[in-house]
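Going line by line, the protein sequences match chains A and B. If you're matching positions, the first sequence starts at 40 in the numbering used here and goes up one per residue. If you're matching positions, the second sequence starts at 153 in the numbering used here and goes up one per residue.
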Amino acid sequence: MVGILEDKDRIFTNLYGLHDWGLEGAKTRGCWNATKDMLDAGPAWIIDNIKNSGLRGRGGAGFGTGLKWSFMPKEVKDGRPHYLVVNADESEPGTCKDREIMRHDPHLLIEGCLIASRAMQAHACYIYIRGEYVREREVLEAAIKQAYDAKLIGKNNVHGWDFDCYVHHGAGAYICGEETALLESIEGKKGQPRFKPPFPASFGLYGKPTTINNTETLASVPWIVQHGGQAFLELGKPNNGGPKLFSVSGHVNKPGNYEVPLGMPFSELLEMAGGVRNGHQLKAVIPGGSSAPVLPADIVMDCTMDFDSIAKAGSMLGSGAVIVMDETVCMVRALERLSYFYFEESCGQCTPCREGTGWMYRIIHRIEHGEGRPEDLELLNSVAGKIGGHTICALGDAAAMPVQSFLKHFGDEFAYHVEHRKCMV
Amino acid sequence: MSVRRLAKEQPASFAFSADTMATATWWIAKYPAERRQSAVIPILWLVQKQEGWVSEPAIRAIAELLGMPVIRVLEVATFYTMFQLEPVGKVAFVQLCGTTPCMLCGANDLKTVLKEKIGPKNHLSADGKFSWEEVECLGACSNAPMAAINDYYYEDLTPETLGQILDDFAAGKSPKPGSYVGRGASEPHGKIQTLLDPRLYDGSAARKIKLPNAPEKAKKAGKAETSA
């Protein structure tokens, strides 16, 4: 059973920015402690710790981090350097956790990058931060400079593993959160995802072996290695190790970022966030960022917040972005805005997504504006079904899943809109 | 996908300022020598900071600087929505987040304020000082609704506070970015319930530690590997 996370077990001890983000402050909180011992213990030992911790990628897919690292070639061969790339392109609607790490605890991330790079024999790392995070990028650049000046990273640093850390930024494309689109973007091209295989572990940045990890994933690494994989695993539940940041937004009294153990009941998280705003009732929740299927109140109240429980309920934990909607929300209108997002952000590479996202948006738009046709609901489902699984990357599925889940759980509202040409709520 | 084209009216020429060029050189040095193209997004951004927007002559100049075909730079400039292909408000350029979490929290009411104070979206105000656009999720959803004004985030907005911020810009002031309901960041409203243990911050976490289950003779093994 998962309990309340005690302060002593928290990874993000400066989540709210109440303390110094700089090197001195970070060291006081335990950052850069015993880093050399970790690196000296060797790559296999580091990866074993991460595997034992049950750490799963915090960016959305929830893939085992230790396993992902083990896909990298064991040795650097044929003059092909290894790269670590950090996905800090936080763009999934509802998600705002990596931002807090970068502006309030950047040294956690930098140390995590160094440890991960040692584990994967990489000497260079690029942090891809979304272009809009200007303030966050300024802090991150300053923190990296502190780390260079203190010889914690760079050539001939005190840790004995040469390591360069560079910040790169995007310019407002959601698709660059997809790992291969992100690589294209670093290479100075349009962010259009690559076909896989080959996977980045063999052909990544500049065609070299590359691993891409989310910011929160890497920022959790120093804690895991300091305390041991087992300690991290025990904070969460089996196969869902550790605590995680949840960004709660929408109709709650206290929206914010919360670090809670995986496996905590949704009802407790909701209570922590102050409950549904005063005088209102819970209607629906998107539990893992806008791409995750929506869950109606009665289903989500029985869920615990971990990858397996949410998947069983028919949705995804994703990035841990919990969007709460109360009974005043018109689901047609909510979906119309979401569909517009995917229409706007489709990269245009695959026809089903490029054309289909616009098609879905236009249908939902006309339903919302009282011009829906009786056959529209079936048409919507049909278009969504023809996008999902038929594109190079997951944006197609991400655009289709909200539409399918809104229709599945709130189809009567859509039908009412079509029939009465107005809103039910 | 968004269809974006270059402005009809273009300046005759473009030149990098000394500052822009110095920072551009710093960016180029971050990438392997044969991968100068990687710096194209940061340099387009620098150019936009210098001129306020990205013009066709600027695109040509960047292509020359990075040794890229012009079409490749044009592709990037039109693909990424943060590149403004037409002039925007010089005093305040407001990018209002309109995506679902912000919409739920009242972004549409903020649009009304922007329309009243500035005019229709994607249009410069008559004096050229203000303009606004609706953008997709800016990643500050726990502080919704919010807008980025000249790069920095203004959060937890209401029609009243946004109106006041715009008035302040118009009066030549520089309103402070951040939350407008008194939050420091994304902590819950009111008193926080977590991260209160003083031991987290008194330096006890910085004491020398022994790694759990560390391999024996770790140092020796590490050395052997680096020399191999």
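For each residue, glycine too, the CB sits at the ideal point set by N, CA and C. These numbers were taken from a predicted model, which means no experiment stands behind them.
Mapping the DSSP letters down to three states, classify residue i as helix, strand or coil.
i: Thr378 of chain B; result: In this prediction, Thr378 of chain B has a pLDDT of 46, which is less than 50 and means its spatial position is unreliable; what the coordinates show is noted afterwards. The answer is helix: DSSP assigns Thr378 of chain B an H, G or I state.
i: Asn302 of chain B; result: coil
i: Asn88 of chain A; result: helix
i: Cys293 of chain B; result: helix
i: Asn278 of chain A; result: coil
i: Ile270 of chain B; result: coil
i: Glu161 of chain B; result: coil
i: Trp200 of chain A; result: coil
i: Met173 of chain B; result: helix
i: Asp59 of chain A; result: coil
i: Phe238 of chain A; result: coil
i: Phe478 of chain A; result: Outside the modelled stretch of chain A, which goes from 40 to 464, sits residue 478 of chain A, for which no answer is possible.
i: Tyr167 of chain A; result: strand
i: Met364 of chain A; result: strand
i: Cys325 of chain A; result: The sequence given here has Ile at residue 325 of chain A, not Cys. It is a strand residue.
i: Ser109 of chain A; result: helix
i: Gln189 of chain B; result: helix
i: Leu363 of chain B; result: coil
i: Gly409 of chain A; result: coil
i: Pro304 of chain A; result: strand
i: Asn420 of chain A; result: helix
Cβ-heavy atom distance between residue i and the ligand ADP below 7 angstroms?
i: Val240 of chain B; result: This structure lacks the ligand ADP; in fact it carries no ligand of any kind.
Which residue from the options puts its Cα closest to that of residue i?
i: Phe234 of chain A; options: A:Glu218, A:Gly227, A:Ala186; result: A:Glu218
i: Leu272 of chain A; options: A:Asp201, A:Phe449, A:Ile338, A:Gly281; result: A:Gly281
i: Met153 of chain B; options: A:Ala212, A:Gly353, A:Ala423; result: A:Ala212
i: Glu368 of chain B; options: A:Asp79, A:Met463, A:Leu62; result: A:Asp79
i: Tyr304 of chain B; options: B:Lys328, B:Tyr332, B:Thr175; result: B:Lys328
i: Val324 of chain A; options: A:Gly230, A:Thr134, A:Pro332; result: A:Pro332
i: Ala300 of chain B; options: A:Asp203, A:Asn195, A:Gly170; result: A:Gly170
i: Lys283 of chain A; options: A:His408, A:Val260, A:Gly216; result: A:Val260
i: Ile195 of chain B; options: B:Leu218, B:Pro184, B:Gly280, B:Tyr306; result: B:Leu218
i: Arg156 of chain B; options: A:Glu384, A:Thr256, A:Pro232, A:Phe346; result: A:Glu384
i: Arg119 of chain A; options: B:Pro184, B:Gly315, B:Ala215; result: B:Pro184
How long is the line joining the alpha carbons of residue i and residue j, rounded to whole angstroms?
i: Pro145 of chain A; j: Glu458 of chain A; result: 53 angstroms
i: Ala357 of chain B; j: His456 of chain A; result: 58 angstroms
i: Tyr379 of chain A; j: Gly397 of chain A; result: 8 angstroms
i: Lys371 of chain B; j: Asn72 of chain A; result: Any reading at Lys371 of chain B must be qualified, since the residue scores a pLDDT of 48, below 50, and its modelled position is unreliable; the value itself is stated next. Each residue's alpha carbon lies about 16 angstroms from the other.
i: Phe382 of chain A; j: Cys392 of chain A; result: 8 angstroms
i: Ile362 of chain A; j: Gln345 of chain B; result: 22 angstroms
i: Leu290 of chain B; j: Arg68 of chain A; result: 29 angstroms
i: Lys107 of chain A; j: His448 of chain A; result: 35 angstroms
i: Ile43 of chain A; j: Pro300 of chain A; result: 7 angstroms
i: Arg176 of chain A; j: Thr367 of chain A; result: 37 angstroms
i: Gly243 of chain A; j: Thr250 of chain A; result: 8 angstroms
i: Gly336 of chain B; j: His143 of chain A; result: 11 angstroms
i: Ser169 of chain B; j: Gln202 of chain B; result: 8 angstroms
Which same chain residues end up closer than 6 angstroms to residue i when comparing Cβ atoms and leaving out the 5 residues on each side of it in sequence?
i: Ser283 of chain B; result: Val240, Gly241, Phe245, Leu276
i: Ser379 of chain B; result: Residue placement at Ser379 of chain B cannot be trusted, given a pLDDT of 41 that sits under 50; the coordinates are not used to answer.
i: Thr343 of chain A; result: Gly302, Pro304
i: Lys75 of chain A; result: His198
i: Gly395 of chain A; result: Val422, Ile426
i: Gly193 of chain A; result: Tyr187
i: Cys5 of chain A; result: With chain A represented from 40 up to 464, any question about residue 5 of chain A goes unanswered, as that position is not in the structure.
So residue i contacts chain A; which residues on that side make the cut at Cβ distance below 7 angstroms?
i: Ile344 of chain B; result: Tyr55
i: Thr251 of chain B; result: Pro132, Arg376, Phe380
i: Ala300 of chain B; result: Glu171
i: Pro367 of chain B; result: Ala80, Trp84
i: Pro272 of chain B; result: Near Pro272 of chain B there are no residues of chain A at all, since even the closest Cβ is about 18 angstroms away, more than 7 angstroms.
Applying a beta-carbon distance threshold of less than 8 angstroms, which residues of chain B neighbour residue i?
i: Ser109 of chain A; result: The contacting residues do not exist; Ser109 of chain A stays about 17 angstroms from chain B at best.
i: Ser224 of chain A; result: Ile193
i: Cys135 of chain A; result: Gly291, Ala292, Cys293, Ser294, Asn295, Ser338
i: Arg49 of chain A; result: Thr346, Leu347, Leu352
Within its chain, find whatever has a CB closer than 7 angstroms to the CB of residue i; leave out the 5 residues flanking it on each side and keep chain order.
i: Glu180 of chain A; result: Val206
i: Pro413 of chain A; result: Val457
i: Gln236 of chain B; result: Gln200, Trp205, Val206
i: Asp355 of chain B; result: The question names Asp, but residue 355 of chain B in the sequence shown is Gly. The answer is none, since no qualifying residue turns up.
i: Asp261 of chain B; result: Pro311
i: Gln320 of chain A; result: Asp365, Glu366
For residue i, go through chain A and note every residue whose CB falls closer than 8 angstroms to its CB, in chain order.
i: Leu363 of chain B; result: Ala73, Asp76, Met77, Ala80, Val264, Gln265, Gly267
i: Phe321 of chain B; result: By Cβ distance, chain A contributes nothing, its closest Cβ being about 17 angstroms from Phe321 of chain B, past 8 angstroms.
Interface residues of chain B around residue i at Cβ under 9 angstroms?
i: Val368 of chain A; result: Leu256
Which same chain residues end up closer than 8 angstroms to residue i when comparing Cβ atoms and leaving out the 5 residues on each side of it in sequence?
i: Ala373 of chain A; result: Met364, Phe445
i: Pro209 of chain B; result: Gln162, Pro163, Ala164, Ser165, Phe166
i: Ile168 of chain A; result: Ala127, Asp128, Met141, Glu175, Arg176, Leu179, Val206, His207, His208, Gly209
Kindly list, in the order they appear in chain B, the residues whose Cβ is closer than 7 angstroms to that of residue i.
i: Asp46 of chain A; result: Thr346, Leu347, Leu348, Asp349, Leu352
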